[in-house]
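Here the numbering used here = 1-based position in the sequence shown + 66. Cβ coordinates follow ideal geometry from the N, Cα and C atoms, glycine included. Note that the structure is a prediction, hence the values are computed from the model and not measured.
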Amino acid sequence: MTKSRTEMMVDRLRDLQTSTPDIEASAVVSVDGLIMASSLPADVEEDRVSAMSAAMLSLGERIASELGRGMLDQVYIRGDQGYVILMSVGEEAVLTALARTDAKLGLVFLDMRRAVDDLVRLV
67 MTKSRTEMMV
77 DRLRDLQTST
87 PDIEASAVVS
97 VDGLIMASSL
107 PADVEEDRVS
117 AMSAAMLSLG
127 ERIASELGRG
137 MLDQVYIRGD
147 QGYVILMSVG
157 EEAVLTALAR
167 TDAKLGLVFL
177 DMRRAVDDLV
187 RLV
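Following this line, the structure appears as structure tokens:
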């Protein structure tokens, strides 16, 4: 039986988290704020993650544009308990990842870019 796009996206998110243990959770969210695929812990609300991801993406794009920084590549937020990292997946979606406080960000960014390259074909 052939897998759906959503199943393939979820598989890719799980692969990302397996290959990069610093990433604790991830999701693909539409620019409208709807979850397209997720690999989130049970205690994390999908709707909250999707709405906030879309809002941050929109704000990041506006800031980058209005301050003459070009197209938005990524947004990351550092809190005292870890990172929230967003990367555009084409024009219609964003990859959101939650990473540990001691994450090796260079490796996280690299692996997220590789995931984006795969996910852009599925969105």
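Asked, Found
"Distance between beta carbons of S105 and L79, contact taken as under 8 Å", "4 Å"
"Stretch pair the region 98 to 112 + the region 169 to 182: three plus CB contacts closer than 8 Å", "no"
"In DSSP terms, what L125 is bridged to", "BP columns for L125 are empty, so no partner."
"Integer Cβ distance of I89 from A165, believed to fall under 8 Å", "5 Å"
"Limits of the unbroken beta strand (DSSP E) element including G148", "148 to 155"
"Cβ shell of T72 (< 6 Å), same chain only, five flanking positions each side left out", "A103"
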